[in-house]
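If you use the numbering used here, the sequence shown corresponds to residues 262 to 486, in order.
Backbone N, C-alpha and C fix where the C-beta goes; we use that ideal spot for every residue, glycine too.
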Amino acid sequence: MRILVVEDDPDLGEALQLRLRRDGHAADWIRDGKAAEEILRQQQFEVIVLDIGLPGQDGISILRALRRRGDKTPVLMLTARSNIEDRINALDIGADDYLAKPFDTREFEARCRALLRRAQGLASGATTIGDLTFDRCAKTVMVGDKSLNLPNREYRLLEILIGSMGRVLSKEQIAQKLFDFDDEAGSNAIELYIARLRRKLGNSLTIRTVRGMGYVAEHDSRKSP
Ligand code: CA
C-alpha cells in the first residue's frame, strides 16, 4: 500500500518511513505542511499519517481541506500527549484515528494496518478466492494448504490486484500504488512482477492482460474450486 507520512520531526519521520517500508509499503515522507497539501491534491494514498504542528501549514487545516474536497483517504493524526483539544478537533474534522506522542512503533503499525483494512472494506484482513487465501494480518498467501513465499513487491502487487478484483488497472495506476517517490523502478518492472506472480499463482488466480489498458485479476471457477 502507498502511505504518506507528514511529520516535521526528522527522527520520527525517518523512523516511521523506514518502519513502513520494512513492513512492505511504499512510504513517502514530507516534512512541510504546504508541500504535503500540494502532493495530496495530485497523488492518491491509501493512508495518510498526519502530524498537527507543521511548518508551512498545520495538520488540522490540511485535513479540513482534504475532507472538503470529498477525499475519504483514512487519516491517522499524530498529536501531542497533553493536547486533548487537538484530538477532539481532529476527530471532529474527519480524522479516522489518532496517536498521542510519544508512541510505540508497534502500536503505530497496528493502527496503520487497521486503517488499511478499513480502507479496503475488509474486517477480517483475509480474502479467499477459490483456493487462494490472502491474509493481510499474517502477511501470508496460501494456495490450498501450500504457503507461497512472495517477496515484498510481488506480495504488494498481488494485494493491489486482489483489491480490484474484476476491474482493469492500468500500469500507471499500479505503479502509483506500488512505488513511492524515491523508487526508481519504472512501469516496465510491473510486467516482470506480473510474470513472476503468474508463474507462482498457477491456476489459482488469473491475471489477464487487457491490451492497451492494463491488467485484471479474475477467478476462473472452472480451473480451481
Ligand atoms: Ca510537529
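With 16 other CB atoms within 10 Å as the buried threshold, where does residue i fall?
i    : result
E268 : buried
L411 : buried
V266 : buried
P486 : Because P486 sits at a pLDDT of 48, beneath the cut-off of 50, its placement in the model cannot be relied upon, and the following sentence gives the value as read from the coordinates. Exposed: under 16 other Cβ atoms inside 10 Å.
E445 : exposed
L301 : buried
D347 : buried
L453 : exposed
R417 : buried
L273 : buried
I349 : exposed
G427 : exposed
Between residue i and residue j, is the Cβ-Cβ spacing less than 8 angstroms?
i    : j    : result
G386 : C373 : no
L324 : A351 : yes
A276 : T366 : yes
E370 : R280 : yes
A287 : Q278 : no
E307 : R379 : no
L337 : Y359 : yes
V404 : Y476 : no
A431 : M474 : Correcting the residue type first, residue 431 is Ser in the shown sequence and not Ala. Yes, they are a contact pair.
I423 : A478 : yes
Q437 : Q303 : no
K362 : R330 : no
E415 : R457 : yes
L390 : H480 : Residue 390 is actually Ile in this sequence, not Leu. A contact, by the Cβ cut-off of 8 angstroms.
What is the rounded straight-line gap between the Cα of residue i and the Cα of residue j?
i    : j    : result
N413 : G285 : 5 angstroms
G355 : N464 : 42 angstroms
L419 : N344 : 40 angstroms
S425 : I435 : 11 angstroms
I309 : F395 : 24 angstroms
T340 : G447 : 36 angstroms
D353 : D406 : 45 angstroms
E433 : L439 : 10 angstroms
D357 : K333 : 10 angstroms
P271 : G294 : 14 angstroms
L393 : D441 : 28 angstroms
A297 : I291 : 6 angstroms
G320 : L311 : 6 angstroms
K461 : S322 : 46 angstroms
D443 : R282 : 11 angstroms
I455 : P335 : 28 angstroms
T388 : E299 : 35 angstroms
Exercise. Whole beta strand (DSSP E) runs in the region 272-356 with 3 or more residues, listed along the chain?
Worked result: Complete beta strand (DSSP E) runs here, min 3: 287-291, 308-312 and 336-341.
Problem set entry | Validate contact between the region 458-476 and the region 305-325 using beta carbons, cut 8 angstroms, 3 pairs | Contact between the region 458-476 and the region 305-325 is not established, with fewer than three Cβ pairs separated by less than 8 angstroms.
Exercise. Taking only runs of the alpha helix (DSSP H) that begin and end inside the region 406-441, which ones reach a length of at least 4 residues, in chain order?
Worked result: DSSP runs (the alpha helix (DSSP H)) wholly in the region 406-441: 413-424 and 432-439.
Problem set entry | Contiguous beta strand (DSSP E) assignments of at least 3 residues, all confined to the region 358-407 | The region 358-407 contains these whole beta strand (DSSP E) runs: 358-362, 387-390, 393-396 and 401-404.
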